[in-house]
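Step one of this worksheet: look at the structure below.
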Amino acid sequence: MQRLRFNVEIEAPVQKVWETMLEDGTYRQWSAEFMPGSHYVGDWNEGSRILFLGPGEDGPGGMVSRIRENRRHEFVAMEHIGIVAQGREDTTSEVAAAWAGARAWWPKLSWTPAATPTSPCWRASRSASATGKASFRRS
């Protein structure tokens with residue numbers, strides 16, 4: 108299995124990075140880089156069900172997930188439990204079953220020394236396997 112790893116260093120307080128990743132308006136901005144129109148429906152509380160949606164030819168498509176753990180200002184762990192196809196949730200078909208159980212961790216933030224003590228640098232890491240299962244790991 109091939110594993111991919113991506114790192115980014117952001118010179119900003121962890122609270123700002125966290126809010127940018129997870130608040131609705133800014134989530135829509137950064138996720139538009141890979142899926143214009145992408146958004147979520149739900150909340151980031153542990154145990155909550157959340158839909159990650161994007162436009163499709165036959166209606167919204169995306170993922171049905173559950174928030175497994177939320178460590179504020181550190182990471183959110185999710186488990187994917189199905190898909191959204193043609194605007195409908197699907198957790199029982201073969202296609203949904205193949206996706207179910209995949210897990211993701213966003214964005215595992217860690218502090219690294221920066222140029223000045225007042226400009227902390229936070230590193231967000233993401234890795235993904237060839238199977239499409241993604242994880243975020245502390246750098």
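Residue numbers for the sequence shown follow the working numbering, so the first one is 108 and each next one is one higher.
Yeah, the Cβ is synthetic: ideal placement off N, Cα and C, and Gly gets one too.
What is the DSSP secondary structure of S145, counted as helix, strand or coil? On the sequence shown, residue 145 is found 38 positions in, with the first residue counted as 1. Of the three classes helix, strand and coil, the one that applies to S145 here is coil, per DSSP.
What's the call for S200, buried or exposed, on a 16-neighbour Cβ count within 10 Å? Looking up residue 200 in the sequence shown gives position 93. Exposed, since its Cβ has fewer than 16 Cβ neighbours within 10 Å.
Can you list, in chain order, the residues of its chain with a C-beta nearer than 7 Å to that of A139? Leave out the 5 residues immediately preceding and following it. Residue mapping note: residue 139 aligns to position 32 of the sequence shown, counting from 1. Hits under 7 Å: S145.
Within the continuous alpha helix (DSSP H) that includes G132, where are the two ends? Within the sequence shown, the letter at position 25 stands for residue 132. From DSSP, the alpha helix (DSSP H) with G132 extends over 131 to 138.
Quick one: residues in its chain with C-beta nearer than 6 Å to the C-beta of W206, no 5 flanking neighbours on either side, listed in chain order? As a working note, residue 206 is residue 99 in the sequence shown. Contacts found: H187, I190.
Sheet register partners of D197 (DSSP bridge): Here residue 197 refers to the residue found at position 90 of the sequence shown. D197 pairs with I190.
Please classify S172: is it buried, with 16 or more other beta-carbons within 10 angstroms of its beta-carbon, or exposed? Within the sequence shown, residue 172 is the residue found at index 65, counting from 1. Buried, by the Cβ-count rule.
Let's test the definition: count the other Cβ atoms within 10 Å of the Cβ of F182 and tell me whether it reaches 16, buried, or not, exposed. Locating residue 182 in the sequence shown gives position 75, counting from the first residue. Classification of F182: buried, given that the 10 Å Cβ count is 16 or more.
Exposed unless 16 or more other CB atoms sit within 10 angstroms - verdict on F159: Indexing the sequence shown from 1 puts residue 159 at position 52. When all chains shown are included, F159 counts as buried.
Is E181 helix, strand or coil by DSSP? As a position in the sequence shown, residue 181 is number 74, starting the count at 1. Three-state result, E181: coil.
Among V148, A184, G163, E176, which residue has its Cα nearest to the Cα of D131? Residue 131 sits at position 24 when you count from the first residue of the sequence shown. Of the listed residues, the one whose Cα sits closest to D131 is V148.
According to DSSP, residues forming a beta bridge with S172: For the purposes of this step, residue 172 is taken as the residue at position 65 of the sequence shown. DSSP, once it has assigned bridges, lists I157, H187 as partnering S172.
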